[in-house]
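>
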Amino acid sequence: MGALAAERFVKIKGGKYIAGPREVPAAQAAIVPGAFVFSNGQLCEMLADRVETAVDLYKNNKVKKIIMSGDHGQKDYDEVNNMRKYAEELGVPSADIFMDHAGFSTYDSMYRAKEIFQVENAVIVTQAYHLPRAVYTARSLGLAAVGVAADRHTYYGAEYYSLREIPARLKAFWQVNTHAKPVFLGDAIPVSGDGRATHDGN
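For the sequence shown, the numbering used here gives the first residue as 1271, with consecutive numbering after it.
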């Protein structure tokens, strides 16, 4: 398959499984991919919208748990704890929030959701430009996933992010078809349990 065909394949395949927040089927968990967090702990607008959308799904009984999957590879940069804290401020109990500290990429987040957190079905919550790739990746890894768009604002740099998705979709196609491994795996922490088992005290 040529590069253009592969990129289009990912976009179409993942795009088939995107629904509105009211129509999305109930699932074990919402998976929230990380994005930029400021040094004061404030989430960037895109990430705040993802967390808020996931919290709404939780409060409307569409998901039982929320997995915050982001970059916490360094002590001085922490996406997941700040995502968790924001969800807690919005009323989600700590026990229902899982943190994936090694969600360094969309592929890693989906792989680890399936293998580490033992997720079988999920709602992926991210911006519309990102959803087809995220859903394609998850479903290709054996996770019954549906996407919900978290676009609550018009974002600065939106055209750039959309253009960046073209090579990112090609990379996702390659990762799936070469059975790539994430940066880290580890022991299973089933999402059916208590999310506080993933908390590190921050």
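Positions of the beta carbon are idealized from the N, C-alpha and C atoms, including for glycine. Quick caveat: nothing in here was measured; it's all calculated off a predicted structure.
Excluding the 5 residues flanking Pro-1291 on each side, which residues of the same chain have their C-beta closer than 8 Å to its C-beta?
If we look at Pro-1291 and ignore the five residues flanking it on each side, its Cβ neighbours are Thr-1323, Asp-1326, Leu-1327, Asn-1330, Lys-1332 and Val-1418.
> What are the boundary residues of the alpha helix (DSSP H) that Thr-1396 is part of?
Note, Thr-1396: premise wrong, no alpha helix (DSSP H); beta strand (DSSP E) at 1391-1396.
> What residues match up with Leu-1313 in a beta bridge as DSSP calls it?
Val-1307, per the DSSP bridge assignment.
> Give me the Cα-Cα distance between Arg-1320 and Val-1302, rounded to the nearest whole angstrom.
Cα-Cα distance, rounded: 6 Å.
> Here's the rule I'm using: 16 or more other beta-carbon atoms within 10 Å means buried, otherwise exposed. How should Gly-1456 be labelled?
Counting Cβ neighbours within 10 Å, Gly-1456 comes out exposed, since fewer than 16 surround it.
> What is the DSSP secondary structure of Ala-1297, reduced to helix, strand or coil?
Looking at Ala-1297 - three-state DSSP - the assignment turns out to be strand.
> By the 10 Å Cβ neighbour count, where 16 or more other Cβ atoms means buried, how is Asn-1310 classified, buried or exposed?
Looking at its Cβ environment, which holds fewer than 16 other Cβ atoms inside 10 Å, Asn-1310 is exposed.
> For the stretch 1414-1457, which segments carrying the beta strand (DSSP E) assignment without a break, of at least 3 residues, lie completely within its bounds, in sequence order?
DSSP runs (the beta strand (DSSP E)) wholly in the stretch 1414-1457: 1414-1419.
> Could you give the DSSP three-state label for Tyr-1287: helix, strand or coil?
Note: Tyr-1287 maps to coil in three-state DSSP.
> Could you tell me if Thr-1376 is buried or exposed, where buried requires 16 or more neighbouring beta carbons within 10 angstroms of its beta carbon?
When all chains shown are included, Thr-1376 counts as buried.
> Rounded to whole angstroms, what is the Cα-Cα separation between Gly-1465 and Gly-1272?
Cα-Cα distance, rounded: 42 Å.
> Does the pairing of the stretch 1337-1356 with the stretch 1432-1445 give three or more beta-carbon distances under 8 Å?
No, because fewer than three Cβ pairs between the stretch 1337-1356 and the stretch 1432-1445 fall closer than 8 Å, the two stretches do not touch.
> Between the alpha carbons of Tyr-1356 and Thr-1396, how many angstroms are there, rounded?
Computed Cα separation, rounded: 16 Å.
> Please tell me whether Arg-1382 and Glu-1277 are closer than 7 Å, where the distance is taken between their beta carbons.
Contact flag unset, no.
> Closest by CA to Gly-1284, which one among Ala-1299, Leu-1317 and Arg-1403?
The candidate whose alpha carbon is nearest that of Gly-1284 is Arg-1403.
> Just to confirm, are Tyr-1406 and Val-1280 a CB contact at a threshold of 7 Å?
Cβ atoms of Tyr-1406 and Val-1280: closer than 7 Å.
> Can you tell me the Cα-Cα spacing of Ile-1288 and Asp-1421, whole angstroms?
Going by the C-alpha atoms only, they are around 13 Å apart.
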